[in-house]
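Protein chains: 4
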Amino acid sequence: MTHKIAILGASGYTGAELVRLIAEHPNMTIAALAAERKAGQSMAQVFPHLRHMNLPDLCKISEIDFSQIDLCFCALPHKTSQEVIRNLPKTLKIVDLSADFRLRDADEYEKWYGNPHTALDDQQEAVYGLTEFYRDDIRAARLVAGTGCNAATGQYVLRPLISAGVIDLDDIILDMKCAVSGAGRSLKENLLHAELSEGYSAYAVGGTHRHLGEFDQEFSALAGRTVHVQFTPHLIPANRGILATAYVKGDPTSVYETLLNAYENEPFIQMLPFGETPSTHHVRGSNFCHIGVVADRIERRAIVVGALDNLTKGSSGQALQNANLMLGEIETQGLMMAPLFP
Amino acid sequence: MTHKIAILGASGYTGAELVRLIAEHPNMTIAALAAERKAGQSMAQVFPHLRHMNLPDLCKISEIDFSQIDLCFCALPHKTSQEVIRNLPKTLKIVDLSADFRLRDADEYEKWYGNPHTALDDQQEAVYGLTEFYRDDIRAARLVAGTGCNAATGQYVLRPLISAGVIDLDDIILDMKCAVSGAGRSLKENLLHAELSEGYSAYAVGGTHRHLGEFDQEFSALAGRTVHVQFTPHLIPANRGILATAYVKGDPTSVYETLLNAYENEPFIQMLPFGETPSTHHVRGSNFCHIGVVADRIERRAIVVGALDNLTKGSSGQALQNANLMLGEIETQGLMMAPLFP
Amino acid sequence: MTHKIAILGASGYTGAELVRLIAEHPNMTIAALAAERKAGQSMAQVFPHLRHMNLPDLCKISEIDFSQIDLCFCALPHKTSQEVIRNLPKTLKIVDLSADFRLRDADEYEKWYGNPHTALDDQQEAVYGLTEFYRDDIRAARLVAGTGCNAATGQYVLRPLISAGVIDLDDIILDMKCAVSGAGRSLKENLLHAELSEGYSAYAVGGTHRHLGEFDQEFSALAGRTVHVQFTPHLIPANRGILATAYVKGDPTSVYETLLNAYENEPFIQMLPFGETPSTHHVRGSNFCHIGVVADRIERRAIVVGALDNLTKGSSGQALQNANLMLGEIETQGLMMAPLFP
Amino acid sequence: MTHKIAILGASGYTGAELVRLIAEHPNMTIAALAAERKAGQSMAQVFPHLRHMNLPDLCKISEIDFSQIDLCFCALPHKTSQEVIRNLPKTLKIVDLSADFRLRDADEYEKWYGNPHTALDDQQEAVYGLTEFYRDDIRAARLVAGTGCNAATGQYVLRPLISAGVIDLDDIILDMKCAVSGAGRSLKENLLHAELSEGYSAYAVGGTHRHLGEFDQEFSALAGRTVHVQFTPHLIPANRGILATAYVKGDPTSVYETLLNAYENEPFIQMLPFGETPSTHHVRGSNFCHIGVVADRIERRAIVVGALDNLTKGSSGQALQNANLMLGEIETQGLMMAPLFP
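Chains as they are written, first to last, in UniProt numbering: chain A, 1 to 342; chain B, 1 to 342; chain C, 1 to 342; chain D, 1 to 342.
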């Protein structure tokens, strides 16, 4: 059986990445692609790399007959996303890639995103989409909220450690190095090749990055107490990739073994041998996340480094993984492609 | 039925690319991976991006039981390749990715490569592996010689034009822009990031690049007379891609229509609308070749631009496409993945 | 004596490059920096790399007292530039970096730029700013029109050959590879890091690039007859640099010697040994232009390759070189810095 | 008066950078350039970007008449450096760029570098070359040991804080992002463009990087007790730059003011406004170091970010700054050039 898929917000990078992935999926077919401002254009005009595919032209959301759709990916900006999803049929399966349904507390949402939430019913219903940790809920969900790409990376390196209580909860530092596609296809001066190439810098320093809302919610829930990490992202001159370097206090061997056990049966989370650390180049274009642990020369301090592709495992790959669960497909279907190297 | 595959020279970029592609192929399984100097290592050590795959460790060629192999990819350096292939079972299907069996004339081989050919029987038997133009021969072949990556690109933009006689044969210029992986995983100063990034230059200028041997052989055979093109490659700070800008003399509309007709039913060759030209970014990681034609402001001059990924369509993807034919598989099997963008 | 300098359009890349260069000039001081939309900001806010300099804040053009200015660099967009310059004091020395005064024929200007020229008196007075070929005129000029960066590169490799009559005038091909800063600090999708990095393509193919107006004007004047070259620019994933590969028909030795003689005493034009070709990486950040000549394997065909930095020798460095002449300074003053490598 | 300069190890990146800088120095002239394996070649062959300069050919060290040299830069690999310097005239002023004379304790040297020190007298005499903190000693020194480029960056962000006692000495994390030229012109697989571009990773994780020897020595001396920081370098796909993100515990305002006071009169150390952080792109090719401080959302935690160019302020620029002091020149002479942006 072939599932009919709609993608809203198909003219952005995560939309294009969804198309790329679904193209390899044996049991999904793309029935509708919406992009309000580019409605009427062919996908090949907007993304020439998809020229070979037989795809519907871009349309407006209002033109889609959702009764013919089995699952809808929503790759719209936050705020727009809730406004659209609020009005979609309540029986439609939805994987949202925006930030709108990640935070369960409406006040926290408003604090981090600056606007009040206007789809509170959907918000309450939404399941947090970090597949490896919410698998059963996702399987049963109608609306799944894809995580932030930084939020996913940070949680993969830290969640099992917080759950197991093997690290000091008051002293966690996440230094993250993010490739530029995470900022989307947006026309900003600092995203220009001439500005970014050959240079790199921190941004949203000091605890102001919105993905902290997710870290706070998830880590505090795991620990049963407030956990606030320090998180500093850096913009790196590369197109895809997130590298999270986590500095934690605890026994390095316990840290390693905790992660090893947690991810033993996970198809997409690959633990490196103790003492090795990953590269973003080795996960690019794939749904894999590589994690390594090293003991610092200072006792009871460990460095945990995780790498994933922000557009795949950090976003559209995660979304497809969740959609597989929601549609009763094998979870890894269409997602086992090897990374592109070099 | 699953075909058992061996890859000789698995520690280079084309070897890794073969593994990446075969991983998606439903009817092939990798039975042996050879790399003389790295024998004994796991593939994950040599190429960490393949860590998630269940692959045999690297071995020596002499350790492979070729009676258990259905098809062997040979991704060794030229000269080594002929020495190895000479001693393989004469019943073994082989796709060679080196330069050793591309030229049918042993003198031409020695002229361009500097060493005499020592596997003349195999050389006579070998079929030139430009799939779209040697499809029937390849289907029946035991030994297929993969083309040079530049040679493939140049032929895709020019072969139909030379066959149809719509361009001046004495005035063809191929200005090519090549990404760095075409030079292989070799430790040379000019391939260092610090030397290549942020700079670009021509190389092998003046008609000294070895792929000219292929152009001369193929174009002259098509035309029934000697055809010598001018070919200047340039090294560009990117990892994958070849962009060929061909300057030809002839009616631009005829040029376009000739190419359009020639590639009408080709799954991997995509003609752009007249007046548009392709980008390497839109074919990266895929087996597609995009071709565009533009009329110059000067009458009867056309510019034909072709783009492909040197490691995929220019090398390992082509090899797999040929292997599919040799094994009776669907030609496009395992090769329809969309490009990686961005 | 210190010359007081104003820069109009100081918030763009050529404006910033002028500041960088003038900072090293012993006899110039920056008295005014104008940028209409950013007036009131400090230069450090707009270009943090200039933070260490003691510079005036950005102002509006109308706020500048031009009676206190010895020379004004005008780095505004074309069309705006003529409107501004038309209203500047007629005694003010001006180096314009826009396209507005490059073409001597008003019809040609309108043909290539789409708008009628509205400062015809200034246009008639303007001297074309390719220093090495208009040195005496520039020394005496009040208004100098900086050349296009591609136009400069193409002329350096071709002018002496056209003057000397050593090449076929009807068969000249200029294949150019341009770095992204040539497009300015403009927010366009194809200039984003995510779109440009790892990909490259041709643009303005077929004789539509505006710098052809300059080639036509200059080459035809040199030859005493109409000369139309073919010119195809390509956008390369690098920040600075232009590489021009010129395909010409003529005796390669004569071609080389003609260039060697022409540039024998030029401080900024460096001829490589016969058979060698340059890299943009070796001129980056400098006012040098490297030129090489290679004989093709086909008789009487030569390839001439030139490299320069579009922002320096192609634009702001050229402008300063001209300003030195106009102000009676040593021509090379402030311009002999070595390229930045790596 | 013009000082005659020799550079030993002129075929590496720091050697070339010294030549680039000295070219702009009004009172220095390059009298000898040594590179053992490339002796006999011209500098233009080894570094074509220096082609325009009138430089002596590369020679062997043994061919230099050191009685004619006023100051010698030694840009050799560690271990080689001490063997060479041991045999130079004891009256010759030397700035060493290797690691050989950075550590005052011979056992520490052997611990970090694996070989015993064989020039102990010179080692005792050497002055540590972090100019801003050893200015008077350097002025009087005969032999100055240039710092590690990471070591310099880390010390600029931390020294004043450790001296002033405003941060917790037991909990300092230095997460560093390093461009590739810091690894030198060495042929290693991970330095290839194809391996590094589009990917990034940590290296020397866990307290194994040799520059920790310098941190331990300097920070412990400042504090009067043992101070061990955590230091994790990351390799970034860029050619020049080091970005140090320091996580410290202390009052952010005190942290900022301490740094502001410390660097108030330093020409090369630029403090950004509180709350802003620097980019490597804004110091590239210059001798400047930009430093910013941000308060974390967690109380009493500050993030200090420093950026410099590893080849200039981190190495050859520092060396020239020290040479200026040793020769009685103005400290900033030849070093005030603006960064290259973009």
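Even for Gly, the Cβ is constructed at its ideal location relative to N, Cα and C.
In this text the structure is predicted, and so the values were computed from the model without any measurement.
Query raised in the report: Apart from the five residues just before and just after residue 343/A, which ones in its own chain have a Cβ nearer than 8 Å to its Cβ?
Result: Limits of chain A in this structure are 1 at one end and 342 at the other, which puts residue 343/A out of reach.
Query raised in the report: What residues of chain D sit near E195/A, judged by a beta carbon separation below 8 Å?
Result: Simply H281 and P342.
Query raised in the report: Exposed or buried, which one is D122/A when buried takes at least 16 other CB atoms within 10 Å?
Result: With 16 or more Cβ atoms within 10 Å of its Cβ, D122/A is classed as buried.
Query raised in the report: Nearest chain C C-beta to E24/D closer than 8 Å, yes or no?
Result: Output row for E24/D: interface = yes.
Requested in this report: Return yes when the Cβ of H49/D is within less than 8 Å of the Cβ of P267/C, no when it is not.
Outcome: No.
Query raised in the report: Does the distance from the C-beta atom of I5/B to that of D70/B stay below 8 Å?
Result: Taking 8 Å as the cut-off, the Cβ atoms of I5/B and D70/B count as close.
Query - Residue-level contact to chain C via CB, A319/D, 8 Å cutoff - result: With 8 Å as the cut-off, A319/D does not count as an interface residue toward chain C.
**Report entry** Between the CA atoms of E276/A and L260/D - distance to the nearest angstrom
**Finding:** The straight-line gap from Cα to Cα measures roughly 39 Å.
Query raised in the report: Count the other CB atoms within 10 Å of the CB of D96/B; is the residue buried (16 or more) or exposed (fewer)?
Result: With 16 or more other Cβ atoms within 10 Å, it is buried.
Query raised in the report: Where do the ends of the beta strand (DSSP E) carrying T147/D lie?
Result: Looking at the DSSP string, T147/D is not in any beta strand (DSSP E), and its letter there is neither H nor E.
Query raised in the report: Any chance the segment 14-33 of chain B sits against the segment 43-58 of chain B, with 3 or more Cβ pairs inside 8 Å?
Result: Three or more beta-carbon pairs drawn from the segment 14-33 of chain B and the segment 43-58 of chain B are found closer than 8 Å, and the two stretches are therefore classed as touching.
Query - Whole-number beta carbon distance between T280/D and S201/A, since they are thought to touch under 8 Å - result: The pair is a contact, with the Cβ atoms about 7 Å apart (cut-off 8 Å).
Query raised in the report: For a contact meaning CB atoms closer than 9 Å, what does L235/A contact in chain B?
Result: Under the 9 Å cutoff, chain B gives no residues; its nearest Cβ is about 15 Å from L235/A.
Query raised in the report: Could you give the distance in angstroms between the alpha-carbon of A140/A and the alpha-carbon of L320/B?
Result: Each residue's alpha carbon lies about 41 Å from the other.
Query raised in the report: Just curious, the beta strand (DSSP E) that A6/B is in, first and last residue?
Result: Segment H3 to L8, the beta strand (DSSP E) holding A6/B.
Report task. Could you spell out where the beta strand (DSSP E) holding residue 353/A opens and where it closes? Result -> Not covered by the structure: residue 353/A. The range shown for chain A is 1 to 342.
Report task. In the DSSP assignment, find the unbroken alpha helix (DSSP H) run with D216/A in it and report its ends. Result -> Unbroken alpha helix (DSSP H) run through D216/A: H211 to A223.
Query raised in the report: In chain order, which continuous runs of the beta strand (DSSP E) of length 3 or greater are located wholly inside the segment 254-317 of chain D?
Result: Note on the segment 254-317 of chain D: whole beta strand (DSSP E) runs with a minimum of 3 residues are 269-271, 289-295 and 301-308, in chain order.
**Report entry** Integer-rounded CB distance, given that P237/A should sit under 8 Å from L196/A
**Finding:** About 5 Å separates the beta carbons of L196/A and P237/A, which is inside the 8 Å limit, making them a contact pair.
Query raised in the report: Using a C-beta cutoff of 8 Å, does D20/B count as contacting chain D?
Result: The question names Asp, yet the displayed sequence has Arg at residue 20/B. In terms of beta-carbon proximity, R20/B stays away from the interface with chain D, with every pair separated by 8 Å or more.
Query raised in the report: Nearest to T245/A by CA position, among Q217/A, A302/A and E214/A, is which residue?
Result: Minimum Cα-Cα distance from T245/A among the listed residues Q217/A, A302/A and E214/A corresponds to A302/A.
Query raised in the report: Ends of the alpha helix (DSSP H) at M43/B?
Result: For M43/B, the enclosing alpha helix (DSSP H) starts and ends at M43 to V46.
**Report entry** Any chain C beta carbon closer than 8 Å to Y156/D
**Finding:** The Cβ of Y156/D sits no closer than 8 Å to any Cβ of chain C.
Query raised in the report: Which term fits K177/C, buried or exposed, when burial requires 16 or more other beta carbons within 10 angstroms of its beta carbon?
Result: Label assigned to K177/C: buried.
Query - 6 Å Cβ shell around S220/B - same chain, five flanking residues per side excluded - result: Residues T226 and V227 of the same chain have their beta carbon placed closer than 6 Å to that of S220/B, with the five preceding and five following residues left out of the count.
Query raised in the report: Does the count of Cβ pairs from the segment 141-155 of chain B and the segment 308-326 of chain B closer than 8 Å reach three?
Result: Touching, per the Cβ criterion.
Query - Burial state of T131/B, where buried means 16 or more other Cβ atoms lie within 10 Å - result: Burial call: buried.
Report task. Taking N239/A as the query, report the chain B residues whose CB atoms sit under 7 Å from its CB, ordered along the chain. Result -> Taking a Cβ-Cβ threshold of 7 Å, the residues of chain B close to N239/A are P342, in chain order.
Requested in this report: Mind reading off the beta-carbon distance from L76/D to S98/D? Whole number of angstroms is fine, and I expect it under 8 Å.
Outcome: Between S98/D and L76/D the Cβ distance is about 6 Å, and since that is below 8 Å, they are a contact.
Requested in this report: Could you check if M28/C is buried or exposed, using at least 16 other CB atoms within 10 Å of its CB as the buried criterion?
Outcome: Classification of M28/C: buried, given that the 10 Å Cβ count is 16 or more.
Report task. Please name the residue in R210/C, Y109/C, L222/C and I269/C whose C-alpha comes closest to that of V166/C. Result -> Nearest option by C-alpha distance: L222/C.
**Report entry** Proximal residues to S11/A (C-beta, below 7 Å), its chain only, five neighbours per side dropped
**Finding:** Once the five neighbours on either side are set aside, the close Cβ partners of S11/A are A35, K38, V46 and L58.
Query - Y247/D - containing beta strand (DSSP E), residue span - result: From DSSP, the beta strand (DSSP E) with Y247/D extends over I242 to K249.
Report task. Indicate whether at least one CB of chain C lies closer than 8 Å to the CB of M53/D. Result -> Answer yes: the Cβ-Cβ gap between M53/D and chain C drops below 8 Å somewhere.
Query raised in the report: Which first and last residues belong to the alpha helix (DSSP H) in which T131/C is found?
Result: T131/C: member of the alpha helix (DSSP H) spanning T131 to A140, first to last residue.
Query raised in the report: Does the distance from the C-beta atom of G317/D to that of R284/A stay below 8 Å?
Result: No. Outside cutoff.
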